[in-house]
Structure formats: C-alpha cells, structure tokens
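**Student:** Going from the sequence shown to our numbering is simple: count from 1 and add 383. The beta-carbon is built from N, C-alpha and C at its ideal position, and this holds for glycine as well. Values in this document were obtained by computation on a predicted structure and should not be read as measured data.
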Amino acid sequence: MTTLDTIHKDLESQVHEGDIIFISIDSFLYRQVAKGTGSWTSHVGFIVKENNQWFVLESAVPKVRRTPLRDFVKRTTNNEVSVLRLQNKLTTDQIEQLKNTAEKRMGRFYHLGFKFNSERQFCSKFVYLTYKEALGIEIGKVQTLAALLEENPQASVNFWRCWYFGFVPWNRKTITPASQLVDPQLFTVYSTVS
C-alpha cells in the first residue's frame with residue numbers, strides 16, 4: 384500500500400498548477416455522495432503553487448479555503464488520490480486567471496444542500512465555476528438531483544430524504560466530483576486508484 388509520504392513526494396514531482404485533485408473523504412455524508420454517484424471520489428479541488436509551496440484550493444466545510452497539498456491528501460480514505468489535467472496545457476496567464484477567480488470565492492460558505500444556484504459553494508461547484516469563469520471551460524455535468532439519482536440507482540434515496548428533511552428538491556441543480564473525474568477534457572496524471 385502506498386504511504387502518505389510517498390504519495391506526497393510523488394505528487395510534488397508530478398503535479399502542475401491547475402491540475403484537479405480528487406480524494407475520498409471518510410465521513411457518512413461523503414460516503415453517500417460517492418455511493419450516490421457510483422464513484423470512489425467524494426471531494427475535489429485544484430492545485431496551485433504559492434511561495435514555492437503546493438496548495439489545493441477547495442470548498443470544504445465550512446468555507447472555501449487554501450489547504451497545503453499534504454494536508455489535503457491526508458484527509459483521503461485508503462490513500463485514494465487521483466490528479467487529472469486539462470488536455471491543453473495551461474499558460475501562465477490562464478493559471479493567474481484561475482487563481483484570481485478562485486480568490487474572489489475565498490471565504491464563501493459551504494452549501495450542505497449542494498445547491499448549484501446559490502452564492503454558497505461546494506467542492507465540485509467551486510471547481511466548475513472557477514474554470515468556467517477564468518477559462519471558459521466547463522468541467523463536469525450540471526444536472527438535477529432527479530437526473531443524478533435516476534442515473535445512479537445504487538444511491539440511497541432514503542438517505543437523501545432524511546438529509547433534506549423529508550423533501551428531496553428533485554429539480555435542484557447540482558454537480559458532482561464523479562462527473563468531473565470522468566470529464567473527457569481531462570486526462571489522468573497520477574492515481575493510486577485502480
């Protein structure tokens with residue numbers, strides 16, 4: 384099994400700014416997110432370098448923040464990490480646009496209801512909107528909760544009924560890390576997941 388130290392060392396030597404990093408968080412909610420999308424991943428952010436240090440820009444409870452790469456990876460389950468990159472190499476200007484766009488969202492609160500049309504953020508929405516605004520690139524698939532659950536019959540509808548206090552907002556738009564992980568605009572740079 385790959386250790387955290389090995390993963391961190393490998394990542395530092397292989398990642399580029401703008402790479403998108405996926406992990407699996409071991410909490411009940413995030414396990415339901417993964418199960419509900421038929422994927423191993425439940426969390427996503429993107430990588431930047433500042434003052435010669437690698438960070439992940441992410442939307443996590445309670446708000447959008449900058450997390451050291453090692454600390455981000457440390458939160459994953461079973462050392463599950465994948466890093467994907469856009470097919471077309473990002474220019475220095477594009478990387479700066481990503482950083483500046485993300486900076487505008489720093490400190491925004493997390494949306495525990497995963498509502499896309501809200502000022503609040505959640506991980507995959509943060510990545511989607513940052514790349515769309517900065518680069519005009521839409522990563523992942525925005526869809527209603529009804530469509531998401533229809534595509535993923537293994538999802539626990541009962542869990543989501545409880546999560547939404549008995550009423551699932553079926554027409555609510557959302558986006559998932561799983562839809563970003565399989566986006567054809569990206570290719571895998573590094574993965575511990577087979």
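May I ask you to list the residues that DSSP assigns as paired with Glu433?
**Tutor:** The partner list for Glu433 (beta bridge, DSSP) reads Gln436.
**Student:** Can you tell me whether Val398 is helix, strand or coil according to DSSP?
**Tutor:** DSSP places Val398 in coil when its eight states are reduced to three.
**Student:** For Phe486, name the three-state secondary structure that DSSP assigns.
**Tutor:** Note that residue 486 is Glu in the sequence shown, not Phe. Correct three-state label for Glu486: helix.
**Student:** Below 8 Å on the Cβ atoms is my guess for His391 versus Leu452; work out the distance and round it to an integer in Å.
**Tutor:** That belief holds up - the Cβ atoms of His391 and Leu452 are roughly 7 Å apart, short of 8 Å.
**Student:** Whole beta strand (DSSP E) runs in the stretch 406–465 with 3 or more residues, listed along the chain?
**Tutor:** Runs found: 426–433, 436–442, 447–451.
**Student:** To the nearest angstrom, how far is the alpha carbon of Gln567 from that of Asn541?
**Tutor:** It should be noted that the sequence gives Pro, not Gln, for residue 567. Cα to Cα, the separation comes out at about 32 Å.
**Student:** Using the three-state DSSP reduction, which class does Thr527 fall into: helix, strand or coil?
**Tutor:** DSSP places Thr527 in strand when its eight states are reduced to three.
**Student:** Between the Cα of Leu518 and those of Glu433, Thr474, Tyr573, spot the shortest distance and give me the residue it belongs to.
**Tutor:** With distances taken between Cα atoms, Leu518 lies closest to Thr474.
**Student:** Quick check on DSSP: helix, strand or coil for Phe497?
**Tutor:** DSSP places Phe497 in coil when its eight states are reduced to three.
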